[in-house]
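Visitor:
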Amino acid sequence: MELYHNQVTRVQGPFSLRLFHRSWGLMLIQANLDGPCTLLDFPTLERFVEELRSRPYDIVGISGIVPNLLKVKKMCELVRAHLPEAQIVVGGHIANIPDLAERIDADHVVRGEGVRWFRTLLGEDPEQPVRHPQTVAGNGTRSVGLTAPEKIRDMAATVIPSVGCPVGCNFCSTSAMFGGKGRSIRFYESGDELFDIMCQLEANLKVQSFFMMDENFLLDRVRALRLLELMERHDKAWALYVFSSAGVLRSYSSDQLVRLGLTWVWLGLEGEDSRYTKLRGTDTRALVRRLRAHGTRVLGSTIIGLEGHTPENIDGVIEYAVRHDTDFHQFMLYTPLPGTPLHAELSAQGRMKDESECEMADVHGQSLFNYRHPHIRNGLETELIVRAFQRDFEVNGPSVVRMARTMLAGWKRYKDHPDPRVRRRFAWEARDLSTVYSAVVAAARLYYRGNSPLRAKMGALLKDLHHEFGLKSRFYSAVGGRYVYWNLRREEKRLACGWTYEPPTFYERNAAAQRSASRDDPQATLCRPLTCRSAGQPIEAAVVGLPSPLAVGR
Ligand code: B12
Ligand code: SF4
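Residue numbers for the sequence shown, in the working numbering: -14 to 539.
(1) DSSP three-state label for E(-13), please.
(2) Can you say whether H452 is buried or exposed, counting buried as having 16 or more other CB atoms within 10 angstroms of its CB?
(3) Between which two residues does the alpha helix (DSSP H) harbouring E493 extend?
(4) Comparing C-alpha positions only, which one of M198, R357 and C184 sits nearest to H219?
(5) Check the C-beta distance from Q351 over to V(-4) and give it rounded, since I have them as a contact under 8 Å.
(6) For a quick check, are the C-beta atoms of T267 and A231 less than 8 Å apart?
(7) With a threshold of 8 Å, are at least 3 pairs of Cβ atoms found where one atom belongs to the stretch 315 to 324 and the other to the stretch 283 to 293?
(8) Quick one: what's L252 bridged to in DSSP?
(9) Give me the DSSP bridge partner(s) of F5.
(10) I'd like the list of long-range same chain contacts for L480, defined as Cβ closer than 7 Å, with 5 residues on each side in sequence excluded.
(11) What do you reckon, is the C-beta of F491 under 7 Å from a heavy atom of ligand 1?
(12) Should P111 be counted as a contact of ligand 1 given a C-beta to heavy atom distance under 7 Å?
(13) Can you determine whether any heavy atom of ligand 2 sits closer than 7 Å to the C-beta of V121, and answer yes or no?
(14) Pick from R3, A520 and Y399: whose alpha carbon is nearest that of R244?
(15) Identify which residue in T485, P523, L473 and N495 has its Cα closest to the Cα of N17.
(16) What is the DSSP secondary structure of S238, counted as helix, strand or coil?
(17) For the pair the stretch 153 to 169 and the stretch 103 to 120, tell me if three or more CB-CB distances fall below 8 Å.
(18) For a test of your reading of the model: does the CB of E297 fall under 7 Å from any non-hydrogen atom of ligand 2? Yes or no.
(19) Using a 10 Å radius around the Cβ and a threshold of 16 neighbouring Cβ atoms, would you call V207 buried or exposed?
(20) In chain order, what are the residues with a CB under 6 Å from some non-hydrogen atom of ligand 2?
(21) Should Q(-3) be listed as close to ligand 3, given that the test is whether its C-beta is under 7 Å from any heavy atom?
(22) Is P146 near ligand 1, with its Cβ less than 7 Å from a heavy atom?
(23) What do you reckon, are the CB atoms on R138 and K221 nearer than 8 Å?
(24) Could you tell me the distance, in whole angstroms, from the CA atom of T120 to the CA atom of V144?
What follows is the structure, encoded as structure tokens:
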């Protein structure tokens, strides 16, 4: 399950960032059930069947998104064949397919939030506070032909504050799924509650960065600023990865964002002249420049195929996106997903394609329009989306190098900041610049020796790294650069031979399932969810022994 390679660094070949993300929705559900619950994440077909045969499960829950339709259908058939007594529950974004219940053999199709739904089904109290799973955000990180060692201190923990987004853009399936405009489902209401969960994750997982899995985390200013207040009071030099809309981001000062530890942001740029209110009045290029100058890595997201796009103006649209020079750029086809206002509107206009023209498995925004575009026709979009990625890569170069540039800018700007907490965060961010990144940039310069503009870019960055880190950086670029270059070329060959990268299977039991497991059962990891200790009151009042600000270590 890759984010970057599927939809962001898609054409970056051996430079592409490869990593897997767990199924957080399923993890959240498991963490919140008192009854026995086993989670099998990313099973192969054989492993799934083996599990169905191994125990008489009463209920089998399956999560999916729209393009997973055929897989989910097959899984339901297998459950019926091996566990005919079991109830089958299907949830996640796939549930928005209007006639899903007729297409698959399931007992329940659940739209929206799953924790509450499952607790109700099992006769557990749906109003209990939500427990939080403990997991790191990504695993198996790989780029330039090398797999990064899984050093827990370098990893980010996933935090799930809410699901949905009240902004309610017409195409947004996540917003629609959890109530649409003006609504969202909040698992943690206050900055105090979030701070408590993050302190526990920090202590247990030994992390200091957090992937805030919330569509628009900064939108709730009160919650975000209270979190900042607590981070400052308790001397937490944390780094945050967030999704944000541009208007919301702009409403914070650079100083606030830096103190909040904004390390990485996923920003919807959508497209020039797109009429989304979240972008109103925002010069997104200036915003991206400002963020990067302060050390925040930006993943910009642009839509290809807005109503006004034509074969004639599309290159201008792509150039506009590319000029943002973000660290990463996602391009997505404008895709009306079932359940969204856009889908309803285009269905009413009779513009949705039927499945003979675009199968459900292709409804993922990286290949085909699932509707009839007024100007872009005959499958031209398949080439256009690749063209956009290629142009960004051609002009701005590999994302892994762009990231190094942003990190270096942040380090140079803040290494002498008067607040030691801010300094510590930037030192943590910059920890690999003089070694790993110096080698990677040197390798990239070698790789681009026949491409003057990119070679010059890499050369300038390498010079800056040497200037900043001196001998150490020179040494790593000279020795490590050759080694990385060799791996880059090897990865390129592997990819050309059709090598693919797959996630491992994760197998986890909650406490009740662990208790009932017999010695002969296969070993599973124990799910150890966190309980928020703040529960509506300020965290310092709720947690006896929360380290005082002065006592907190490095
Ligand atoms: C993390 C993520 C990923 C990870 C997936 C990790 C994984 N193991 O599945 C990665 C980065 C790999 C990924 C890839 C893709 N993704 Co994605 N992804 C997300 C993202 C950002 C967060 C999902 C998440 O964890 N949310 C937090 C959890 C707590 O919420 P949740 O998953 O919705 O779960 C809740 C409910 O849905 C429900 N629920 C979930 N499962 C179940 C199961 C049962 C039985 C029940 C009862 C309830 C239930 O209860 C949960 C708790 O409330 C969402 C956007 C979003 N914010 O939701 C897009 C999103 C899910 N992805 C999307 C898409 C299109 C893709 C890709 C096709 C992109 C591409 N072109 O390559 C690929 C396909 C991957 C695949 N083969 O399935 C779309 C799905 C659209 C749709 N309507 O189907 C989304 C909604 C983004 C968007 N708005 O376009 N993705
Ligand atoms: S701002 Fe982003 S997350 Fe919120 S509704 Fe719009 S697209 Fe969805």
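Every residue, glycine too, gets a C-beta built ideally from N, C-alpha and C. Predicted, not measured: the structure shown is a model, and the values here were computed from it.
Guide: Based on what the coordinates show:
(1) Note: E(-13) maps to strand in three-state DSSP.
(2) Exposed is the label assigned to H452, since fewer than 16 other Cβ atoms lie within 10 Å of its Cβ.
(3) Premise fails: E493 lies in the beta strand (DSSP E), F491 to R494, not in any alpha helix (DSSP H).
(4) That would be C184, whose Cα lies nearest to the Cα of H219.
(5) Contact flag wrong, Cβ pair sits at about 11 Å.
(6) The beta carbons of T267 and A231 sit closer together than 8 Å.
(7) Contact between the stretch 315 to 324 and the stretch 283 to 293 is present, because at least three Cβ pairs lie under 8 Å.
(8) Bridge partners of L252: S229 and G285.
(9) F5 is bridged to E(-13) and N124.
(10) Cβ neighbours of L480 beyond the five flanking positions: G(-2) and P(-1).
(11) Checking every heavy atom of ligand 1 against the Cβ of F491, none is found closer than 7 Å.
(12) False, no ligand heavy atom lies under 7 Å from that Cβ.
(13) No, Cβ of V121 sits at least 7 Å from all heavy atoms of ligand 2.
(14) With distances taken between Cα atoms, R244 lies closest to Y399.
(15) The candidate whose alpha carbon is nearest that of N17 is N495.
(16) Correct three-state label for S238: coil.
(17) Contact between the stretch 153 to 169 and the stretch 103 to 120 is absent, because fewer than three Cβ pairs lie under 8 Å.
(18) Not under cutoff, so the answer is no.
(19) V207 should be labelled exposed.
(20) Those satisfying the condition are, in chain order, C150, V152, G153, C154, C157, T159, S160, E200, N201, S230, G253 and K263.
(21) Ligand 3 is not among the ligands present in this structure, which contains only ligand 1 and ligand 2.
(22) P146 Cβ: outside cutoff for every heavy atom of ligand 1.
(23) Pairing R138 with K221 gives a Cβ-Cβ distance that is not under 8 Å.
(24) The straight-line gap from Cα to Cα measures roughly 9 Å.
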